[in-house]
Amino acid sequence: MNATILIVEDEARSAKWLKTYLERAGFCAEIAYDGQTGLNIARRINPDLILLDLMLPVLSGTEVCRILRKESDVPIIMLTARGSMEDRINGLDGGADDYIVKPFEPEEVIVRIKAVLRRTMGTMKKKLTCGPISIEEEKETVFIGEQPISLSHVQFAIFLVFIKNPGVVLTRGQIIEQAFDNDFDAYERAIDTHIRRLRKLIHRNGFEPIQTVYGGGYKLVCASL
Ligand code: CA
Numbered sequence: 004m005n006a007t008i009l010i011v012e013d014e015a016r017s018a019k020w021l022k023t024y025l026e027r028a029g030f031c032a033e034i035a036y037d038g039q040t041g042l043n044i045a046r047r048i049n050p051d052l053i054l055l056d057l058m059l060p061v062l063s064g065t066e067v068c069r070i071l072r073k074e075s076d077v078p079i080i081m082l083t084a085r086g087s088m089e090d091r092i093n094g095l096d097g098g099a100d101d102y103i104v105k106p107f108e109p110e111e112v113i114v115r116i117k118a119v120l121r122r123t124m125g126t127m128k129k130k131l132t133c134g135p136i137s138i139e140e141e142k143e144t145v146f147i148g149e150q151p152i153s154l155s156h157v158q159f160a161i162f163l164v165f166i167k168n169p170g171v172v173l174t175r176g177q178i179i180e181q182a183f184d185n186d187f188d189a190y191e192r193a194i195d196t197h198i199r200r201l202r203k204l205i206h207r208n209g210f211e212p213i214q215t216v217y218g219g220g221y222k223l224v225c226a227s228l
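Residue numbering for the sequence shown follows the numbering used here, starting at 4 and increasing by one per position.
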């Protein structure tokens, strides 16, 4: 899926030039020519990243950034004509993820966009949740509400498949394929043993999210505690 970039820039020529370069690099791009329109379009299309000019009519880039930050985690790169320290601090204070000083080369913009997207997608991965369940991938830990539950490596690999596919019926074969790239030297039924242990760790009274689907496999149902 191509990432959608919203360009908020009042100078029509640079906006169109940027759009062309972004599209050549494989992104989808939309343009807004003032701050208020930028805000409206951002709310409507939910872009993957916003290139936000600092000096804009109607609403300034800094104001747009502050408003957006209260509403979403969308990555924002500020475009600033001046390279002063003050602008940089204002931009980053307002919640921007990065800033680029004009004039810039299109290649630089592409590199910075990719870097910010990589970084923010990394943190999104850490935020995988399902109802009251959340996970921390590095620590191979599952949280039920605030309560941490340590899993073994194999248990965590299996649980990761569930939380990435909430509500989806997963056959034992699919679980093995996604959790271990098929590199699992056991019978499909061994999955049942792991899931039994997972349930012991995760399930509690009135909260049994790992459900058996007869003739199908298993699914994770995200209900509240
Ligand atoms: Ca401008």
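C-beta: ideal position from N, C-alpha, C; glycine also. Model, not experiment: these values are computed from the prediction.
Asked                                                                                   : Found
For L201, three-class secondary structure by DSSP                                       : helix
Proximity of I147 and I198 at Cβ, strictly below 8 Å                                    : no
Heavy atom of ligand 1 within 7 Å of M58 beta-carbon                                    : yes
Inter-residue Cα distance where the pair is G64 and M81                                 : 8 Å
Backbone secondary structure at P151 - three-state DSSP                                 : strand
Straight-line gap, K105 to I116 (C-alpha atoms, nearest Å)                              : 15 Å
Burial state of I48, where buried means 16 or more other Cβ atoms lie within 10 Å       : exposed
Of the residues E191, S155, L52, the one placed nearest N5, counting alpha carbons only : L52
DSSP three-state assignment for Y217, whether helix, strand or coil                     : coil
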